[in-house]
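Undergrad:
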Amino acid sequence: MADFHLNRVEIDLTALRKNYLGLRNMVGSGVEVMAMVKADAYGHGLLPATRVLARAGARVFGVAELEEGIALRQAGLQGEIILLLGCPEEGYPEVVEHRLSPMVFDLEAVEKLSRAGERAGARVAVHLKVDVGMGRVGIMPGELPFFLERISRLPGIRLAGLSSHLPIAELPADQRTIVHCRSFVSIVQQLRAGKMPLAPGDCPPLIHFANSAALLYLPQTHFDMVRPGIALYGCHPGGQVPDSGAFQPVMSFKTRILQLKEVPAGFGISYGHTFVTGRTSRVALLPVGYDDGYSRRLSNRAVVLIGGRRVPLRGTICMNACVADVTDLPEVRVEDEVVLLGSQGSERISAEEIACWMDTIPYEVLCLIGSRNARSYTGDDQLDSVSVQQA
Ligand SMILES: *Cc1c(COP(=O)(O)O)cnc(C)c1O
2 MADFHLNRVE IDLTALRKNY LGLRNMVGSG VEVMAMVKAD AYGHGLLPAT
52 RVLARAGARV FGVAELEEGI ALRQAGLQGE IILLLGCPEE GYPEVVEHRL
102 SPMVFDLEAV EKLSRAGERA GARVAVHLKV DVGMGRVGIM PGELPFFLER
152 ISRLPGIRLA GLSSHLPIAE LPADQRTIVH CRSFVSIVQQ LRAGKMPLAP
202 GDCPPLIHFA NSAALLYLPQ THFDMVRPGI ALYGCHPGGQ VPDSGAFQPV
252 MSFKTRILQL KEVPAGFGIS YGHTFVTGRT SRVALLPVGY DDGYSRRLSN
302 RAVVLIGGRR VPLRGTICMN ACVADVTDLP EVRVEDEVVL LGSQGSERIS
352 AEEIACWMDT IPYEVLCLIG SRNARSYTGD DQLDSVSVQQ A
């Protein structure tokens, strides 16, 4: 069907591939890279993003839930798929059938999963999650020997990985990060010294710890595998920003001018009249609002690109509309392109910048905008991915 959407998210698949290869290069050939494609690949589209990453050489993929793992297998993806949040009991047969690898952190659950594996004559690959200070999912380090001992005796389970997650990796010199790293390193040392109970004859579990921030700032956390997400999609994970040319942004968000008009000085703009013009103004109505993932918190804060210039938004952002002040751009016309995220001419608006205006992080910006709009794919991989575009 023809695409009549007024707003469009564009995904640059070449940038995604280059970011992946750049990260691979950074960690070196001895370290596996798990491509984090959870949350619809951070709003970039699970299947197209995964396909490009797989073609670029990715063999391990991280998703949050079972549904995403099944979707990847049904699209023909080979390689290991890790379910970061594990899986509810009713999904165990699917985990076995689709050879998915859940994270585990509950003994009763692993025992049931083992029985599901046994029934199918298979050993389910699991990754054990330890909490060295994230304060979220994972077993406490003190429980580890007991867990490992019990898991080593489960015939339907193979311990494929041992992992943890850092809560403040963007502050590598922070005392807390140092403590978290020390705790995990001590676990790894005991494991490698044979001081932890593992099933005899099995390969030692793959050790993985680093998200994007740790990958960039803490090379000692790379171990066997790293798990970058946000850096794949061209954003910096916050905190210290190394050289900013390292990653290319993958997502852009564009619309067109719907209406142009002149209004007098003292004229209230949009709901609540939170902005009143101080001069005779030319305003451009844009068909973008919070229903399109463009948060109402951007009201009277955001800037957009029109005619290659930075233009302020005025007044409250509505469900499907907002207003830009184009008084200083007499040449703009109805239907002219407007860039809300991405570049136009020599100007650029980054997800980091929008996140700052919204008082959030670029992750949320990408998820919101990416998931609420029609996506189109550009870049050298687009021809092959047309068939896997999602609604
Ligand atoms: C999402 C996630 C990551 C990726 O984090 P980024 O900051 O996007 O690199 C890594 N590990 C786990 C467990 C995650 O849930």
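FYI, my numbering numbers position 3 of the sequence shown as 4, with every residue one higher than the one before it. For each residue, glycine too, the CB sits at the ideal point set by N, CA and C. Values in this document were obtained by computation on a predicted structure and should not be read as measured data.
Which residues in the same chain as V127 place their Cβ atom closer than 8 Å to its Cβ, once the five residues preceding and following it in sequence are excluded?
TA: As a position in the sequence shown, residue 127 is number 126, starting the count at 1. Cβ neighbours of V127 beyond the five flanking positions: S102, P103, M104, V105, V111, L114, I152, I158, R159, L160, A161 and G162.
Undergrad: Looking at S102 and ligand 1, is the gap between the Cβ and the nearest heavy atom below 7 Å?
TA: One-based indexing of the sequence shown puts residue 102 at position 101. Result no, Cβ not under 7 Å from ligand 1.
Undergrad: Could you check how far apart the C-beta atoms of R373 and D292 are, in whole angstroms? I think they sit under 8 Å.
TA: Working through the sequence shown from its first residue, we reach residue 373 at position 372. Working through the sequence shown from its first residue, we reach residue 292 at position 291. 7 Å between Cβ atoms; contact.
Undergrad: Under a Cβ-count criterion, where at least 16 other Cβ atoms within 10 Å of its own Cβ denotes burial, should G309 be classed as buried or exposed?
TA: Your numbering for residue 309 matches position 308 in the sequence shown. Looking at its Cβ environment, which holds fewer than 16 other Cβ atoms inside 10 Å, G309 is exposed.
Undergrad: State the Cα-Cα distance for the pair L167 and E98, rounded to the nearest angstrom.
TA: Indexing the sequence shown from 1 puts residue 167 at position 166. Indexing the sequence shown from 1 puts residue 98 at position 97. Straight-line Cα distance between these residues: approximately 32 Å.
Undergrad: Whole angstroms is fine: what's the gap from E144's alpha carbon to E109's?
TA: Start at 1 with the first residue of the sequence shown, and residue 144 comes out as number 143. Start at 1 with the first residue of the sequence shown, and residue 109 comes out as number 108. Distance between the alpha carbons of E144 and E109: 14 Å.
Undergrad: Whole beta strand (DSSP E) runs in the segment 68-109 with 3 or more residues, listed along the chain?
TA: Fully enclosed beta strand (DSSP E) runs of 3 or longer: 81-84 and 102-105.
Undergrad: Could you check whether P220 and L259 sit closer than 8 Å to each other, using their CB atoms as the reference points?
TA: Position 258 of the sequence shown, counted from the start, is the residue given in the question as residue 259. Position 219 of the sequence shown, counted from the start, is the residue given in the question as residue 220. For L259 and P220, no; Cβs fall outside 8 Å.
Undergrad: Applying the criterion that 16 or more other CB atoms from any shown protein chain within 10 Å of the CB defines a buried residue, is M320 buried or exposed?
TA: Residue 320 sits at position 319 when you count from the first residue of the sequence shown. Looking at its Cβ environment, which holds fewer than 16 other Cβ atoms inside 10 Å, M320 is exposed.
Undergrad: Would you report the Cα separation of V305 and L299, rounded to the nearest angstrom?
TA: Residue 305 sits at position 304 when you count from the first residue of the sequence shown. Residue 299 sits at position 298 when you count from the first residue of the sequence shown. For V305 and L299, the distance between alpha carbons rounds to 11 Å.
Undergrad: What are the uninterrupted segments assigned as beta strand (DSSP E) that are 3 or more residues long and contained completely in the segment 139-217, given in chain order?
TA: Fully enclosed beta strand (DSSP E) runs of 3 or longer: 158-164 and 207-211.
Undergrad: DSSP beta-bridge partners for E338?
TA: Working through the sequence shown from its first residue, we reach residue 338 at position 337. According to DSSP, which records beta bridges pairwise, E338 is partnered with R257.
Undergrad: From P156 to Y21, what distance separates their C-alpha atoms?
TA: For the purposes of this step, residue 156 is taken as the residue at position 155 of the sequence shown. For the purposes of this step, residue 21 is taken as the residue at position 20 of the sequence shown. One C-alpha to the other measures close to 36 Å.
Undergrad: Run the CB neighbour count on F5, radius 10 Å, all protein chains shown included, and call it buried at 16 or more, exposed below.
TA: Against the sequence shown, residue 5 aligns to sequence position 4. Residue burial is scored here from C-beta neighbours: F5 has fewer than 16 other C-beta atoms within 10 angstroms and is therefore classed as exposed.
Undergrad: Quick one: measure Cβ to Cβ for F185 and V133, integer angstroms, because I've assumed they're closer than 8 Å.
TA: Here the question's residue 185 lines up with position 184 in the sequence shown. Here the question's residue 133 lines up with position 132 in the sequence shown. So it is a contact: roughly 5 Å between Cβ atoms.
Undergrad: Helix or strand or just coil, what does DSSP make of L367?
TA: If you number the sequence shown from 1, residue 367 lands on position 366. Looking at L367 - three-state DSSP - the assignment turns out to be helix.
Undergrad: Do three or more CB pairs link the segment 267-277 to the segment 68-83 at distances below 8 Å?
TA: Put simply, the segment 267-277 does not touch the segment 68-83. Fewer than three CB pairs are less than 8 Å apart.
Undergrad: Rounded to the nearest angstrom, what separates V28 and R302 at their Cα positions?
TA: Taking the first residue of the sequence shown as 1, we reach residue 28 at position 27. Taking the first residue of the sequence shown as 1, we reach residue 302 at position 301. Roughly 38 Å separates the two Cα atoms.
Undergrad: Provide the residue span of the beta strand (DSSP E) that contains Y291, from first to last.
TA: Sequence index remark: in the sequence shown, residue 291 carries index 290 (1-based). Looking at the DSSP string, Y291 is not in any beta strand (DSSP E), and its letter there is neither H nor E.
Undergrad: Within 10 angstroms of its Cβ, does D329 collect 16 or more other Cβ (buried), or is it exposed?
TA: Residue mapping note: residue 329 aligns to position 328 of the sequence shown, counting from 1. Counting Cβ neighbours within 10 Å, D329 comes out exposed, since fewer than 16 surround it.
Undergrad: Rank C88, A194, E66 and L24 by C-alpha distance to the C-alpha of G58 and give the top, closest one.
TA: By one-based count along the sequence shown, residue 58 stands at place 57. Among C88, A194, E66 and L24, the Cα nearest to that of G58 belongs to L24.
Undergrad: Ignore the nearest five residues each way along the sequence and tell me which others in S164's own chain have a CB closer than 6 Å to its CB.
TA: Taking the first residue of the sequence shown as position 1, residue 164 is located at position 163. Within the same chain, Cβ atoms closer than 6 Å to the Cβ of S164 are found at H128, K130 and H209, the five residues on either side in sequence being excluded.
Undergrad: Using the Cβ count rule (16 or more neighbours within 10 Å means buried), how would you classify A194?
TA: Walking along the sequence shown from the start, residue 194 turns up at place 193. With fewer than 16 other Cβ atoms within 10 Å, it is exposed.
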